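Visitor: Following this note's numbering, the numbering of the sequence shown begins with 197 at its first residue and continues without gaps.
All C-beta atoms, glycine included, are put in the ideal place defined by N, C-alpha and C.
Computed from a predicted structure; not experimentally measured.
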Amino acid sequence: MKWKLPENADSINVIFSILMIEYVIIFILFSFIVLPVKAETGSTTYTTYMDSKFGFYKVRDITSNSIFSYDEHTLTINQGDTMIWKNDDDRDKAISIVSDEKLWSDNIGHLGRYNAEFKYTFTAPGEYTFRISQFQGQQIIIVRSSPQTFTPVPTNPVPTTYPAITQTPTSGTGLPDIPIKITPITMLSALISLIAMHITTKQ
C-alpha cells in the first residue's frame, strides 16, 4: 500500500514555512527586549534574645536562620534591617528595653512576659545604644548606610516607537499622489509575502 500526499500538500508546505518564518522573526525581536530588573532590597531581620541573667545574650539572623555572633554585645547591621527583641527569661520576668537615643518611649519597649517581642526597623544610619532597665545589660547596634542598587540599562536599547517613513510616488502618471507609510509591521508583512511567493514559484 502506497501513501499519497494530499492534493493541497504544496499549500500546506507554504503555510507551514510561513509560520516557521514568523516564529523565527518573533524570537529575534524578543531577543532584543530587555526586561526591567527589580532591585533587591537585601534587608535582614534579626532577633535578640534577652534574659535576667545574661542580658542581650544571643542574636539570630532569622532571614537565613543562623546564629549571628557579635563581640562585646555590639552588632553591625545595614540601613533598613529590622531587630526583634525577645524576652527569653524562663522565669517569666519582665524586661524593658530602653533606647538611649529615645527611638521609642519606655513603655513601648516593655516585655512583661516570656516570649514577648518588640521590633524596630532602623531607617537611619548611626550608632544606637540599648539597655535593660530592670537588670544590667547593654547592646550597641551600628547601622551602616545601605549600598545603592542600580537597574542595569541595555547598551543598545530597542526603541519603543518607530518613526513612520512617508514616500510619495513620482508625479506625471495622471494618478493622485498617495502617501505610503512604511512601518515595522508593513515591512514584516511584505517580507513574509515575498518569502511565500519565492517558495511557491520554486515548487
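Assign T300 to one of two classes, buried (16 or more other C-beta atoms within 10 Å of its C-beta) or exposed (fewer than that).
Guide: According to the sequence provided, residue 300 is Trp. The question's Thr does not apply to it. Looking at its Cβ environment, which holds fewer than 16 other Cβ atoms inside 10 Å, W300 is exposed.
Visitor: Locate the beta strand (DSSP E) running through L271, then write down its first and last residues.
Guide: Run containing L271: 270-274, per the beta strand (DSSP E) assignment.
Visitor: With DSSP as the reference, label L387 as helix, strand or coil.
Guide: Residue state, collapsed to three classes: helix.
Visitor: Leaving out five residues on either side along the sequence, give the residues of the same chain with a beta carbon under 8 Å from the beta carbon of R340.
Guide: Counting only Cβ-Cβ distances below 8 Å, and skipping sequence neighbours, we find T272, I273, N274, Q275, P321.
Visitor: Could you check how far apart the C-beta atoms of Y242 and R256 are, in whole angstroms? I think they sit under 8 Å.
Guide: Right, the Cβ-Cβ distance comes to about 7 Å (below 8 Å), so this counts as a contact.
Visitor: Within the continuous beta strand (DSSP E) that includes K289, where are the two ends?
Guide: Note, K289: premise wrong, no beta strand (DSSP E); not H, not E.
Visitor: So, for F252: in the same chain, excluding its five sequence neighbours on each side, which residues have a beta-carbon less than 7 Å away from its beta-carbon?
Guide: So the qualifying residues of the chain are T244, M246, H269, G333, Q335.
Visitor: Determine which residues share a DSSP beta bridge with Y324 and list them.
Guide: Answer is I337, bridged to Y324.
Visitor: Among Y316, I337, S329, A312, whose alpha-carbon lies nearest the alpha-carbon of E323?
Guide: Checked all of Y316, I337, S329, A312; the closest Cα to E323 is I337.
Visitor: Shortest alpha-carbon distance to D288 belongs to which of I214, K249, G238, S342?
Guide: If we check each option's Cα against that of D288, K249 comes out closest.
Visitor: How would you call N283, buried or exposed, if buried means at least 16 neighbouring beta carbons within 10 angstroms?
Guide: With 16 or more Cβ atoms within 10 Å of its Cβ, N283 is classed as buried.
Visitor: Rounding to the nearest angstrom, what Cα-Cα distance links T240 and F318 in this structure?
Guide: Distance between the alpha carbons of T240 and F318 is about 11 Å.
Visitor: On the three-state DSSP scale, how would you describe L215?
Guide: In this structure, L215 counts as helix in the three-state DSSP scheme.
Visitor: Buried or exposed for M216, going by 16 or more other Cβ atoms inside 10 Å?
Guide: So M216 ends up on the exposed side.
Visitor: Using the Cβ count rule (16 or more neighbours within 10 Å means buried), how would you classify D286?
Guide: Exposed, because fewer than 16 other Cβ atoms sit within 10 Å of the Cβ of D286.
Visitor: Looking at the structure shown, is D257 part of a helix, part of a strand, or coil, going by DSSP?
Guide: D257: strand per DSSP, three-state reduction.
Visitor: Excluding the 5 residues preceding and the 5 following D296 in the sequence, name in chain order all residues of the same chain whose CB lies nearer than 8 Å to its CB.
Guide: Excluding residues within five positions, the ones whose Cβ falls inside 8 Å are Y324, T325, F326, R327.
Visitor: Kindly indicate which three-state DSSP category E236 falls into: helix, strand or coil?
Guide: Its pLDDT being 48, under 50, E236 is placed unreliably in this model, and the value from its coordinates should be taken loosely. Residue state, collapsed to three classes: coil.
Visitor: Mapping the DSSP letters down to three states, classify I304 as helix, strand or coil.
Guide: Residue state, collapsed to three classes: coil.
Visitor: By DSSP, does D247 sit in helix, in strand, or in coil?
Guide: Residue state, collapsed to three classes: strand.
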